[in-house]
Amino acid sequence: MILTIHRHVITRLARFSVSHDNAMTWLLHVSQVQQEDRGYYMCQVNTNPMISQVGYLQVVVTVYEGDTLSLQRISRTEMGAYLCIATNAVPPSVSKRIIVDVEYTVVERKILLLLLSPNGGWQSLRLTGFWNGICMLVGAPSGTDVTVDCHTEAHPRAISYWVYDNVMVLPTKKYAINTDENSYRAHMKLTVRNLQSGDFGNYRCISKNSLGETEGSIRLYEIPMPSTSPKATEMKSTANKESTYLLSRL
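So this is what it looks like as structure tokens:
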């Protein structure tokens, strides 16, 4: 999920902000840190070649004392391993690991990443957006390759697939489908090769489990091929040319 581009905050989470010292240092600020903020963060400089730096945010949780831990109004963010440790003046300590599973319907976290890889040799153009239960409109030229990513969370594990014009998409020379599942998370990727007139239309990512289902939709329409190569590595300011700094959550 892209958080910021240059000095602009892209994410809708007000807890994230970015600052710059007008030199070489960029800082990503996360206020009121929550458990779901744990993970890898990448700072990317869109030079040629691209430069990036990755850091990991470890969120420390509260330690509770007592023989009972009560979880009120539990959500999927509380699922995982809990360690109960009993100790007294006589060593050693005794511990027990307890796994808490929370069943929930499918949730889409990071919804869409669209990558255009034109056959004509001009530079790649990345577009990002979010599915919030509505259809997203995206234009792409004929002759390009389009890759759409769909990230979902569900427990029990969901069945996920792609649909184009109400027909399930299967792997062919036209379509490449990749799915990477890790615990309760799934990452699906659909590539449509060499876009032609019959490839434009409505694509849906559908995920369902025993508790429900959800879907996201993108309508792909045709636009003219750019006459010149887009300058993806630079952005102009009023004073001079600056590299584009991109902060994202991996």
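For reference, each letter of the sequence shown is one residue, going 1 to 250 in the UniProt record's numbering. Ideal Cβ placement from N, Cα and C applies to all residues, glycine included.
Between P224 and P141, the C-beta gap is smaller than 9 Å, which places the two residues in contact. Sorting Y184, T191, R185 and A154 by C-alpha distance to the C-alpha of V163 places T191 at the top. Listed as beta-bridge partners of I159 by DSSP are K208.
Beta-bridge analysis with DSSP links E213 to K208. Here DSSP, grouped into helix, strand and coil, assigns S142 to coil.
9 Å or more divides the Cβ of V102 from the Cβ of S70. Within the model, the alpha-carbon separation for K173 versus L57 is close to 41 Å.
C-alpha of C84 to C-alpha of V33: approximately 24 Å in a straight line.
If you compare the alpha carbons of M50, V30 and M79 with that of R12, the shortest gap goes to V30. Of the candidates S160, E222 and T179, S160 places its Cα closest to the Cα of N209. Under the three-state reduction of DSSP output, G39 falls in the strand class.
Restricting attention to I5, M1 and G216, the CA atom closest to the CA of L137 is found in G216. Under the DSSP assignment, K96 falls in the beta strand (DSSP E) whose first and last residues are V94 to V100. A direct Cα-Cα distance of roughly 13 Å separates C150 from A158. A straight-line Cα-Cα distance of about 14 Å links Q44 and H20.
Residue pairing of G80 in beta bridges, as defined by DSSP: V100.
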